[in-house]
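Peer 1:
Protein chains: 2
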Amino acid sequence: MLTAIRPTREKLLRAALTLVARSGFEAATTAAIAEAAGVAEGTLYRHFASKDDLLIEVYRNLKSEVLTAVEDGEDRAASPEARLKRWWLALFEAYRSDIEAFTFGQRFMESPLAQREGGAAKQRFIAPLAAIREEGVRAGVFCDLPQDLMASLFIAPISYLLKQETQGRRWSAAELEGAADGVVRSWRAG
Amino acid sequence: MLTAIRPTREKLLRAALTLVARSGFEAATTAAIAEAAGVAEGTLYRHFASKDDLLIEVYRNLKSEVLTAVEDGEDRAASPEARLKRWWLALFEAYRSDIEAFTFGQRFMESPLAQREGGAAKQRFIAPLAAIREEGVRAGVFCDLPQDLMASLFIAPISYLLKQETQGRRWSAAELEGAADGVVRSWRAG
DNA sequence: GTCTATATTTGGATAGAC
DNA sequence: GTCTATCCAAATATAGAC
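One line per chain: the protein sequences are Y and W, in this order.
With numbering that gives the first Met the number 0 applied, the first sequence covers 0 to 189.
With numbering that gives the first Met the number 0 applied, the second sequence covers 0 to 189.
#1: Measuring alpha carbon to alpha carbon, tell me which of W:161, W:19, W:21 and W:87 ends up nearest residue 184 of chain W.
#2: Is the CB of residue 71 of chain Y under 7 Å away from at least one CB in chain W?
#3: I want to know whether the segment 51-67 of chain W touches the segment 97-111 of chain W - three or more CB-CB distances under 8 Å.
#4: Less than 7 Å between CB atoms is the rule here; does residue 80 of chain W satisfy it with respect to chain Y?
#5: Roughly how many whole angstroms lie between the Cα atoms of residue 26 of chain W and residue 136 of chain Y?
#6: Which of the residues in the segment 148-168 of chain Y, read from start to end, lie with their CB under 9 Å from any CB of chain W?
#7: For a contact defined as C-beta to C-beta under 8 Å, what are the partners of residue 18 of chain W on chain Y?
#8: Is it buried or exposed, residue 17 of chain Y, if we count other Cβ atoms within 10 angstroms and call 16 or more buried?
#9: Which residue from W:15, W:177 and W:73 puts its Cα closest to that of residue 157 of chain W?
#10: For the structure I just gave you, are there three or more beta carbon pairs, one from the segment 9-24 of chain W and one from the segment 161-176 of chain Y, closer than 8 Å?
#11: For residue 6 of chain Y, go through chain W and note every residue whose CB falls closer than 7 Å to its CB, in chain order.
#12: Can you tell me whether residue 91 of chain Y is helix, strand or coil according to DSSP?
#13: Can you name the start and end residues of the alpha helix (DSSP H) that residue 183 of chain W belongs to?
#14: Which whole-angstrom value describes the C-beta separation of residue 140 of chain Y and residue 188 of chain Y, a residue pair presumed to lie in contact below a C-beta threshold of 8 Å?
#15: Residues of chain W with CB closer than 8 Å to the CB of residue 174 of chain Y, please, in chain order.
#16: Are residue 124 of chain Y and residue 58 of chain Y touching if we call contact CB-CB under 7 Å?
#17: In chain W, which residues lie with their C-beta within 7 Å of the C-beta of residue 185 of chain Y?
#18: Would you say residue 109 of chain W lies against chain Y (beta-carbon separation less than 7 Å)?
#19: Going along the chain, which residues of its own chain have a beta-carbon closer than 8 Å to the beta-carbon of residue 99 of chain W, five neighbours each way excluded?
#20: So, helix, strand or coil for residue 24 of chain Y, using DSSP?
#21: Just checking: is the beta-carbon of residue 123 of chain Y within a distance shorter than 7 Å of some beta-carbon in chain W?
#22: What residue range does the alpha helix (DSSP H) around residue 143 of chain Y cover?
#23: Determine the DSSP secondary structure at residue 69 of chain Y, reduced to helix, strand or coil.
#24: Three-state secondary structure (DSSP) at residue 130 of chain W?
#25: Chain Y beta carbons: is any one of them nearer than 7 Å to that of residue 100 of chain W?
#26: Going along chain W in order, which residues have a C-beta closer than 7 Å to the C-beta of residue 106 of chain Y?
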């Protein structure tokens, strides 16, 4: 993410992301962001109207990146269960590949800025999942609970396992397989 | 929680909790906390050495309250699967009964203060869960994945579903039953 | 576009009267 | 124990030279 088309702007975005991920929102002052980006504090305001705008931009960028990475791996021919498992693993890997971005996202969502953002990105994540669920419910392999509940059973473990990776726990491929299988079972008709 | 043995102190603790839950960590300034508690700003420092100490105290109190509430409902005679489900529902209800405390906890854990707290409370949550898992693995009903992975599959949906309750989604008893059953299935041997 | 310097506000914390 | 008044540091944002 954050390609170098507009170098200073991208440096500021990545500096803010890194600061928040490593030291929390409190640490991401305009002075600290500018210093980490290697520019003067005043320069920040040539690229963003405010600090909040900068942080919201960071969040939108990273959501977009993760989504693009995940949408690639789809396989529409497979069974609902296989597709579910594959998508779970793909989403996990997408976040894991930029763990600082993941941590930023977690913190952003617990900040007051989250309300200003709106949550438009969320729907793009939900839609493909809803399609898999629908197909599985029709086939009788998935239980017929509300979509938002099923989505929570799917996404929550990703978030929790990644949080532990930020704290030093590294999940092996076999462990992730096991977790993905667990998530698939949690969706199964009783 | 926050009984009225030391009224001013408890008012400050609850004021801080409410402010963080409703408006985020940024909003919980010493001025705002004191005003919400109905005392002067200087008074805060008669009861706590610093603002951080106050917030850490809030967190420790709420963890302790939730744990006490949950430990009551244990039933050692039941099957591992039944105990797991019962404990999941009990933990959900314990947090739900003070949803502001839950939100505070989420935000606290994403703040730099989390590192200072240490996470001692976590072990008290894990231990009973580990016992249930052990028994189920021996009986061959649960799959044999690492304890921390199993714990994540268990706790993560609680956190996610509660977060949605803070945003207005109210889960019915039937939906929670369904979610709990899903969690139990996620633990089952493949 | 970027820098230096600075205006302005707000935050955490303390002093001292009551 | 509580309040009023205040100090000091830090944070956001702007002005103006280069």
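Just so you know, even glycine gets a beta-carbon here, dropped at the ideal spot from N, CA and C.
Peer 2: Walking through what the data contain:
#1: Residue 184 of chain W sits at position 185 when you count from the first residue of the second sequence. Considering only alpha carbons, the answer is W:87.
#2: On the first sequence, position 72 is the one that residue 71 of chain Y refers to. So, not an interface residue.
#3: The segment 51-67 of chain W is in contact with the segment 97-111 of chain W.
#4: Position 81 of the second sequence, counted from the start, is the residue given in the question as residue 80 of chain W. Not a single C-beta of chain Y is nearer than 7 Å to the C-beta of residue 80 of chain W.
#5: For the purposes of this step, residue 26 of chain W is identified with residue 27 of the second sequence, where counting begins at 1. For the purposes of this step, residue 136 of chain Y is identified with residue 137 of the first sequence, where counting begins at 1. The straight-line gap from Cα to Cα measures roughly 44 Å.
#6: 148, 149, 150, 151, 152, 154, 155, 156, 157, 158, 159, 160, 162, 163 and 168
#7: As a position in the second sequence, residue 18 of chain W is number 19, starting the count at 1. None at all; the shortest Cβ gap to chain Y is about 12 Å.
#8: Numbered from its first residue, the first sequence carries residue 17 of chain Y at position 18. Classification for residue 17 of chain Y: buried.
#9: Within the second sequence, numbered from 1, the residue matching residue 157 of chain W stands at position 158. Distance from the Cα of residue 157 of chain W is smallest, within the candidate group W:15, W:177 and W:73, for W:177.
#10: With the cut-off at 8 Å, the segment 9-24 of chain W and the segment 161-176 of chain Y do not touch.
#11: Counting from one through the first sequence, the residue named residue 6 of chain Y turns up at place 7. Going along chain W, no residue has its Cβ under 7 Å from residue 6 of chain Y, so there is no contact; the nearest lies around 30 Å.
#12: Position 92 of the first sequence, counted from the start, is the residue given in the question as residue 91 of chain Y. Correct three-state label for residue 91 of chain Y: helix.
#13: As a first step, residue 183 of chain W must be located in the second sequence, where it is residue number 184. First-last of the alpha helix (DSSP H) with residue 183 of chain W: 172-186.
#14: To locate residue 140 of chain Y, count along the first sequence from 1; it is residue 141. To locate residue 188 of chain Y, count along the first sequence from 1; it is residue 189. Sure, about 6 Å apart at Cβ, within 8 Å.
#15: Position 175 of the first sequence, counted from the first residue, corresponds to residue 174 of chain Y. Here the neighbours are 144, 145 and 148.
#16: As a working mapping, residue 124 of chain Y is identified with position 125 in the first sequence. As a working mapping, residue 58 of chain Y is identified with position 59 in the first sequence. No. Outside cutoff.
#17: Along the first sequence, read from residue 1 onward, the residue named residue 185 of chain Y stands at position 186. Ordered by position in chain W, the residues that pass the 7 Å Cβ test against residue 185 of chain Y are 181, 182, 184 and 185.
#18: Counting from 1 along the second sequence, the entry for residue 109 of chain W is found at position 110. Any Cβ of chain Y closer than 7 Å to the Cβ of residue 109 of chain W would place that residue at the interface, and such an atom is present.
#19: Translated into positions along the second sequence, residue 99 of chain W becomes position 100. 16, 17, 20 and 21.
#20: Along the first sequence, one-based indexing puts residue 24 of chain Y at 25. Reduced to three states, the DSSP call for residue 24 of chain Y is helix.
#21: Within the first sequence, numbered from 1, the residue matching residue 123 of chain Y stands at position 124. Using beta-carbon distances, residue 123 of chain Y does not count as an interface residue toward chain W, since no partner is under 7 Å.
#22: To locate residue 143 of chain Y, count along the first sequence from 1; it is residue 144. From DSSP, residue 143 of chain Y is part of no alpha helix (DSSP H); its letter is neither H nor E.
#23: Walking along the first sequence from the start, residue 69 of chain Y turns up at place 70. The answer is helix: DSSP assigns residue 69 of chain Y an H, G or I state.
#24: Here residue 130 of chain W refers to the residue found at position 131 of the second sequence. Reduced to three states, the DSSP call for residue 130 of chain W is helix.
#25: In the second sequence, counting from the first residue as 1, residue 100 of chain W sits at position 101. Residue 100 of chain W does not count as touching chain Y.
#26: For the purposes of this step, residue 106 of chain Y is taken as residue 107 along the first sequence, with counting starting at 1. In chain order: 109.
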